[in-house]
Amino acid sequence: MSKAVDRPGAEEMPSAPGARRIKAGAGWGAARLRAADWPARQATTSFVLPAVLLLFFLSIFPLLVSAYLSLTRFQFVPGGFALRWVGLTNYGKLLVGIEQSHFLGVPKPPTVVGWLLFGLAASVLLAFVVRGITSASGRRGVVGRAVFAVVAGAGVWLAVRTLTPGGFPGTLLTTLTYVVVGITVQYWLGLWLAFLCAQEIAGRRFFRVVFLLPMMITPVGIAYTFRILMDLGKGPFAPLWRALGLAEVSWANYAWGARLVVMIGDIWQWTPFMFIVLLAALESLPTELIEAARVDGASRWQLFWRISWPQLIPVTSTLILIRLIEAFKIIDLPNVLTNGGPGTATESLTLHAFMAWRTLDIGGSAAVAYMLLFVVTFAALSYVNLFHRRLAEVA
Amino acid sequence: MARVWRVRRSPTALPPWLAVVFYTALVTWAAVVLFPLYWIVVTSFKLPIHVYAGPVYLPFVDFTPSLHAWRYIFVDLRNDTLRPFVNTVIVALMSSTLALVLGTGAGYGLLRFHYRPRLSAILLFVATALVVVAAMIERVNGLVAVGGGVLLFLLVRAVLGRGGRTVGNDDIAFWMISQRMLPPVAVVIPIYVMFQRLSLLDTRAALIITYTAVNLPIVVWLMRDYFRNISLELEESAAIDGASLYRIFWSIVLPLATPGLAATFLLVLVFSWNEYLFALFLTSANAQTLPLSIAAQNATRGPMWWYMSVLILLMITPVIAMAIALERYIAKGLLVGALKG
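Chains A and B, in that order, are what the protein sequence lines are. Per the working numbering, the first sequence runs over residues 1427 to 1821. Per the working numbering, the second sequence runs over residues -3 to 337.
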């Protein structure tokens, strides 16, 4: 697999010693291996091959098999089971068929506010595309922006139609809500806490260790803990709810109450991740700029927003990317806290797939999983291409 | 609020009113973090009546603590608690170690050596492996299927020749890291079927293999960035002295990367320690892990909070102890990855 630099045409390149070093990056191994024998070349391969093979067998093949499953229907037949080829029926069910209300939600005509919001979002997206055309960033950039704008616009349209009174958002929108709200709150909270812990105050170490803890706790444990904490009749805050006359109601019966509790649990668990990385980044910033600004009389507030925070943008961008990828996978919290209820109000896409699997709708489950894969891939690729590259170059 | 007092007296750059604001914020969030933990501890000492009659807060003050839940979990259930615990420990340690070994090698290899596998060869490999897997699902003898697959692969490769597009290191690395994007639920059913065919369902081996694969991308990603910061000169001089690749890697590179290894190991360990979805699909009784036994305390008469609390405590104490001990490493290790992205 590995190859020395003996490909045809290599001789034509200027071979100053420096150029070789730069071109090869860190490739002394390759250079040394030019004259090396077969076993030594296999040695470099042995570093990578086990990992590649493991990933092939546990993610590429299962993924291909899943793609096949999503195009079939699982049936019991005498003496076992059979997979019947049904084409795109499983996807059709999700998008336009009987599962539509589960996956996409129940649409209703939007209200005036809904129309206004949609108009606003549409004009922002249009401006985004127009700016891409005028800034001459190449045709690929414009196509990327246009595709993103169309899909995002469709998402907003779906949100506007299902979030109106009488409408009901499906698992797709619920998952997106978890992701967007979760990441936003976690980031700002984590930044604020990192800012506090970066100050010269006593007890810093105590606080940073305490703030780290929730990340280490199993999500299932967190879910049960929040279930008892949030029990309005028997939880620790019961006297408060009683005083407010809420002791006899249950948030679990209200769609948004249940979603809110799931989001609180998620925020509690993942703010530490943002916090710990942002704090480490803050502390590793060079101090000269800050010192200079301080001498010039900048306030603590200005120091942070004008000098420290802009330097954190690359880290911020990566953090958001990581959480974006991870947050889509949420299942433990809604499964344990509410079992997806009331109805399907708190079901995430992963939980949706799991529920389908439990009713032996294997094909439907695989189709939901693939939908999730499309959404995650689209979100991550759009983010990387449209924002992350640019943000990472700021510093 | 005793802390506020101390700060006022200690010499600090903060003006007093700002110190009050900052400490209020810090103490508030510390309370938000610690109160649920406190509540688990308290609940583990409660009798059912204490939970169902409305909240009681302080042991010895407004209720008499009882050890009944602890006795039930550790004495009555002895083996049913011990087995998931041992499972969790073994699975987490083994899979993290394996992921670290494989991922570190891959991260290092992708940084230092040049790989130029041909796209056609990769696709051919995938295709033949699929044929082999399909044949095995159709109950063809395993040895025959694999042997036939190898022959087919070599034959077609010889016919196609050695030309064509190649794939670079960055492509391989991107592919590996992007595996993290894969939602577990998209692959869990085929993995379930695969382990069923191999009769590995409900064994620790199945969980270990799966977790290793799931954690591999993180290890590759973090360790590759860590190795990038290690100077080349030492390795070059060792190579001139005639040390083998393995020896350079083992005696020079790995010792220099110890802090990164520690952070990555801890992170991966926590992920596999807490994992729920794969354990839910792949285990039933023998290989059950702790997250599942916590969830199992949700009986028909409603969750048994007191037992659950004991199990949650049993589960979080080891990781919290490690987190406190290695807090600095975690921060540094994660930052390296986030900076390079």
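From the three backbone atoms N, C-alpha and C, an ideal C-beta is built for every residue, glycine too. A quick note: this is a predicted structure, and the numbers were derived from the prediction, not measured.
Since residue i is in the beta strand (DSSP E), which residue starts that stretch and which ends it?
| i | result |
| --- | --- |
| VAL1503/A | 1498 to 1503 |
| TRP1511/A | 1506 to 1511 |
Which residues mark the beginning and the end of the alpha helix (DSSP H) in which residue i is found?
| i | result |
| --- | --- |
| ALA49/B | Unbroken run through ALA49/B: none, as it is neither H nor E. |
| LYS1519/A | 1515 to 1521 |
| VAL82/B | 74 to 108 |
| MET190/B | 180 to 193 |
| GLN1737/A | 1735 to 1753 |
| TYR1494/A | 1487 to 1495 |
| TYR1650/A | 1645 to 1655 |
| GLY1859/A | The structure shown has nothing for residue 1859/A, since chain A only spans 1427 to 1821. |
| ASN1761/A | 1758 to 1763 |
| MET177/B | No alpha helix (DSSP H) holds MET177/B; DSSP gives it neither H nor E. |
| GLU134/B | Taken as a continuous stretch (DSSP letters only), GLU134/B belongs to no alpha helix (DSSP H), as it is neither H nor E. |
Determine the chain B residues that contact residue i at a beta-carbon separation under 9 Å, and present them in chain order.
| i | result |
| --- | --- |
| ARG1499/A | Per Cβ cutoff of 9 Å: no residues; ARG1499/A is ~14 Å from chain B at best. |
| LEU1489/A | LEU178, ALA182, VAL183, PRO186 |
Buried or exposed: which applies to residue i, given that a residue is buried once 16 or more other Cβ atoms fall within 10 Å of its Cβ?
| i | result |
| --- | --- |
| GLU134/B | exposed |
| PRO1535/A | exposed |
| VAL1550/A | exposed |
| LEU1817/A | buried |
| PHE1637/A | buried |
| VAL1721/A | exposed |
| ARG1732/A | exposed |
| ARG1631/A | exposed |
| ASP221/B | buried |
| ARG1460/A | The pLDDT assigned to ARG1460/A is 47, lower than 50, so where the model puts this residue is not dependable, and the model offers no usable value. |
| PHE31/B | exposed |
| ARG74/B | exposed |
| VAL1522/A | exposed |
| ASP58/B | exposed |
| TYR111/B | buried |
Please list, in chain order, the chain B residues whose beta carbon lies closer than 7 Å to that of residue i.
| i | result |
| --- | --- |
| ASP1758/A | TYR272 |
| TRP1783/A | ILE185 |
| SER1791/A | ILE185 |
CB residue i to CB residue j, shorter than 8 Å?
| i | j | result |
| --- | --- | --- |
| LEU331/B | SER1734/A | no |
| ILE290/B | GLY1647/A | yes |
| PRO213/B | MET172/B | yes |
| LEU1543/A | VAL1586/A | yes |
| LEU107/B | GLY160/B | no |
| GLY145/B | VAL128/B | yes |
| THR1770/A | THR1597/A | yes |
| LEU1822/A | ALA1719/A | Because chain A is modelled from 1427 through 1821, residue 1822/A falls outside the range shown and cannot be assessed. |
| ILE312/B | SER1492/A | no |
| TYR104/B | VAL16/B | no |
| LEU203/B | LEU278/B | yes |
Going by DSSP in three states, residue i sits in which element: helix, strand or coil?
| i | result |
| --- | --- |
| TYR272/B | coil |
| PHE59/B | strand |
| VAL418/B | Nothing can be reported for residue 418/B, as the shown portion of chain B is limited to -3 through 337. |
| MET1427/A | Any reading at MET1427/A needs caution, since the residue's pLDDT is 40, under 50, leaving its predicted position unreliable; the model's value is listed next. DSSP places MET1427/A in coil when its eight states are reduced to three. |
| GLY1581/A | helix |
| ASN211/B | helix |
| ASN294/B | strand |
| VAL1675/A | coil |
| GLY1769/A | coil |
| TYR1680/A | coil |
| PHE1426/A | Since the first residue shown for chain A is 1427 and the last is 1821, residue 1426/A is missing from the structure and cannot be characterised. |
| GLY238/B | coil |
| PHE1594/A | strand |
| ARG114/B | strand |
| PRO1533/A | coil |
| PRO299/B | strand |
| ARG1668/A | helix |
| LYS328/B | helix |
| GLU1525/A | coil |
| ASN225/B | coil |
| THR1872/A | The structure shown has nothing for residue 1872/A, since chain A only spans 1427 to 1821. |
| TYR1809/A | helix |
Which chain A residues are close to residue i, counting only those with a beta carbon under 8 Å from its beta carbon?
| i | result |
| --- | --- |
| TYR48/B | LYS1660 |
| MET172/B | ALA1477, VAL1478, LEU1481 |
What residues from chain A crowd round residue i, counting only those whose CB sits closer than 7 Å?
| i | result |
| --- | --- |
| VAL315/B | MET1642 |
| MET339/B | No statement about residue 339/B is possible, as the shown extent of chain B runs from -3 to 337 and does not include it. |
| ALA291/B | VAL1646, VAL1762 |
Using a Cβ cut-off of 7 Å, which residues of the region 48 to 67 of chain B contact any Cβ in chain E, in chain order?
In the structure shown, chain E does not exist; the protein chains are A and B.
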